[in-house]
Amino acid sequence: MHAMPPRVSIVLPTYNERGNIEPLLAQLLPLQRQFDLEILVVDDDSADGTAELVRQLAHREPRLRLIRRVGRSGLASAIKEGLLDATGDVAVVMDSDGQHPPETVAQAIDTLCASDLDLVIGSRFHPKASIAGLSGRREAGSTWANACARFSLPPRYSELSDFMSGCFALRLEPLLPLIRAVDVNGFKFLYELLAVSRGRLATAEVPLQFQPRSYGSSKLDLAIFWDFLISILHSLSLRLLPRRAISFGLVGASGVVVQLLVTQLLMALIGLGFEQALPFAVVSAASSNYLINNALTFRFQRLEGMALLRGLLKFLLVASLPVLANVGLASAYYSFVARDTFWAQLAGILVVFVWNYAASSRFVWNTP
Ligand code: GDD
Ligand code: MN
0 MHAMPPRVSI VLPTYNERGN IEPLLAQLLP LQRQFDLEIL VVDDDSADGT
50 AELVRQLAHR EPRLRLIRRV GRSGLASAIK EGLLDATGDV AVVMDSDGQH
100 PPETVAQAID TLCASDLDLV IGSRFHPKAS IAGLSGRREA GSTWANACAR
150 FSLPPRYSEL SDFMSGCFAL RLEPLLPLIR AVDVNGFKFL YELLAVSRGR
200 LATAEVPLQF QPRSYGSSKL DLAIFWDFLI SILHSLSLRL LPRRAISFGL
250 VGASGVVVQL LVTQLLMALI GLGFEQALPF AVVSAASSNY LINNALTFRF
300 QRLEGMALLR GLLKFLLVAS LPVLANVGLA SAYYSFVARD TFWAQLAGIL
350 VVFVWNYAAS SRFVWNTP
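Numbering of the sequence shown is given in numbering that gives the first Met the number 0, commencing with residue 0 and proceeding in unit increments.
The structure is reproduced here in structure tokens:
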């Protein structure tokens, strides 16, 4: 008697992959000879017509499903949505740009099905893997990111070589609660999954022959690098500090540097006294914080055009209460405690952080 073929769901996140998705589907669909197959394309409203193309292909191919989301909310969130909608026993996630060979995907599924593992990762850093598709800089970046990831994850996972991979297969039923808990404010779904699992997953790796991209370009940018940094700090805080607060705090730290620099500059170049330089420095720091937070911390609520200007005014208004406290406190410290401009300013800055975070989340970017 033949065993039933396992039900396999392939999740394909796409963002502007019109040129890549059709050839990839042509390579994946033959897997239905081995598996009871379902393919879910999760598209974030690509401007290049990826979703329209997939819809057309789905008319001819009942195993293909399109999930189309409006308001781009990122790779990790697309993967999460695809996995939560998948109906297979096993689910596989892979890039849709031709960088992950279908053979690796099949091998990951086979390895998973032939074992009682929870998760099999296609690793670019496996001894038998190869990386043709990454620049030297990206490869070095990934190596560094993997080292940080290993350091911040449960020791059970320290044998793994690629925590950043976008190619992995997992057993759906037992992992659904973890998938549900993954924080999606990032690019790195796999890293987050390992982090929320707290060392409970049985894992293995198969070598991935990472290919150059077929068409188009990578979506990995500074914001995604930033998210990863936040993820690491979030894990290191035992997931206690909210991610957004960590981001807001880091941006705030950059504002501290701006404020200290501007004060020094104004005092040294224009010969302003400390009390005169301080208000300019504080407003510069607040404006720079606003712009960076808008680009990174709140980029999914990002304000643009006139709204950006209105937001700046609101942010300055929200910040002005503690700005007064900041200036007042710093001046008082300087006059009464010590004539030390550095500690005087830090004292003021510390007081404003909590208020600014809470109030600007709510009133500037309208998030709870
Ligand atoms: N739905 C959706 N929404 N898909 C997205 C988004 C998004 O916001 N951003 C990227 N994607 C899709 C792309 O269309 C592609 O299929 C896949 O996710 C990977 O994106 P790339 O932009 O090609 O990433 P990469 O090749 O630079 O990064 C590779 O290495 C990373 C580790 O260094 C990928 O393998 C990543 O998955 C991996 O984490
Ligand atoms: Mn890619």
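Idealized CB from N, CA, C, for every residue including glycine. None of these values were measured; they are calculated from a predicted model.
- Cβ-Cβ distances below 6 Å link L11 to V40 and S95 in the same chain, with the five nearest sequence neighbours on each side left out; the list follows chain order.
- Note: S114 is not bridge-paired with any residue in the DSSP secondary-structure output.
- The beta carbons of E51 and L28 sit no closer together than 8 Å.
- Not a single heavy atom of the ligand GDD lies less than 7 Å from the C-beta of E204.
- Annotated three-state conformation of L63 is strand, per DSSP.
- In the three-state scheme derived from DSSP, where H, G and I count as helix and E and B as strand, G121 is classed as strand.
- For Y14, the CB falls within less than 7 Å of some heavy atom of the ligand GDD.
- Nearest in C-alpha terms to P173, of all of G135, G248 and L118, is L118.
- Unbroken beta strand (DSSP E) runs of no fewer than 3 residues, entirely contained in the region 126-186, are found at 167-170, following chain order.
- W342 and K218 have their alpha carbons spaced roughly 41 Å apart.
- The region 77-93 makes no contact with the region 153-161: fewer than 3 CB pairs, one atom from each, lie closer than 8 Å.
- Assigned with DSSP and collapsed to three states, P22 falls in helix.
- The beta-carbon distance between A285 and A331, rounded to whole angstroms, is 20 Å. This is too long to meet the 8 Å contact definition.
- Classified as exposed, P211 has fewer than 16 neighbouring CB atoms from the shown chains inside 10 Å of its CB.
- When DSSP states are grouped into helix, strand and coil, F297 belongs to the coil group.
- Closest in alpha carbon position to Y333, among L277, V363 and S360, is L277.
- The beta carbon of V250 lies closer than 8 Å to those of N288, I291, N292, L295 and T296 in the same chain, with the five residues before and after it left out.
- The ligand MN has no heavy atom closer than 7 Å to the beta-carbon of R137.
- A Cβ closer than 6 Å to some heavy atom of the ligand MN marks a residue here, and those residues are D94, D96, Q98, R212 and S217.
- Only residues of its own chain outside the window of five on either side were considered, and among them T340 have a CB closer than 6 Å to the CB of F273, listed in chain order.
- For G304, the shortest C-beta to heavy atom distance toward the ligand GDD is 7 Å or greater.
- Ranking L23, R309 and E102 by CA distance to the CA of A168 puts E102 first.
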